[in-house]
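Read through the structure below, which is laid out as structure tokens, and then see the notes.
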Amino acid sequence: MKISTKGRYGLTIMIELAKKYGDRPISLRSIARANNLSEHYLEQLVTPLRNAGLVKSIRGAYGGYVLAEHPAKITAGDILRVLEGPITPVEELEEEEPAKRELWIRIRDAVEEVLDSTTLEDLAKYNDGDEGAYMFYI
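For the sequence shown, my numbering gives the first residue as -3, with consecutive numbering after it.
Okay, here's the thing in structure tokens:
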């Protein structure tokens, strides 16, 4: 399983919004500049996130985007499923030998557990130099 730029940049958008949760709306332009990303590409990614109810758009001169819920209620799994689709290490499980099929299922379940237990709040608070920082295990 490989996470594309859609998933990676989508997580970037959501982490930036989580860091500013409770403040004013954040423009995609400011997120793009801060992370050296294409604003146009971020605009394409925010639409499915809005349609899924993960972000809200605010119109006006001071408009932008905000999280639809508290960062502790949105997981990395929620975001990646919207942008990447189902989490699957291989495509056709039915055609695999039983032992390999069980292995792929266990891998999928382990990845889902990590993604579904990692919230935006965890990611927004992560500090690279923090020894007690949140650890990601697969």
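By construction, the Cβ of each residue, glycine as well, lies at the ideal position given by its N, Cα and C atoms.
Because the structure is a prediction, the values reported are computed rather than measured.
Query                                                                                                                                                                                      : Result
When we look at the beta-carbon of T71 and count the other beta-carbons within 10 Å, is it buried (16 or more) or exposed?                                                                 : buried
Where DSSP assigns a beta bridge to V62, which residues make up the other side?                                                                                                            : K52
Please go through the same chain and pick out, in chain order, the residues whose beta-carbon is closer than 7 Å to the beta-carbon of A64, but skip the five residues on each side of it. : G49, L50, V51, K52
From the DSSP output, in three-state form, read off T115 for me.                                                                                                                           : strand
Who are T43's beta bridge partners in DSSP?                                                                                                                                                : None, per the DSSP bridge assignment.
Can you tell me where the alpha helix (DSSP H) with R29 in it begins and where it stops?                                                                                                   : 24 to 31
Out of V86, I101, G18, point me to the one whose CA is closest to Y61's CA.                                                                                                                : G18
Are there 16 or more other CB atoms within 10 angstroms of the CB of M(-3), so buried, or fewer, so exposed?                                                                               : exposed
What do you get for Y5, buried or exposed, if any count of 16 or more other CB atoms within 10 angstroms of its CB means buried?                                                           : buried
List the residues that DSSP assigns as beta-bridge partners of T1.                                                                                                                         : According to DSSP, T1 bridges with nothing at all.
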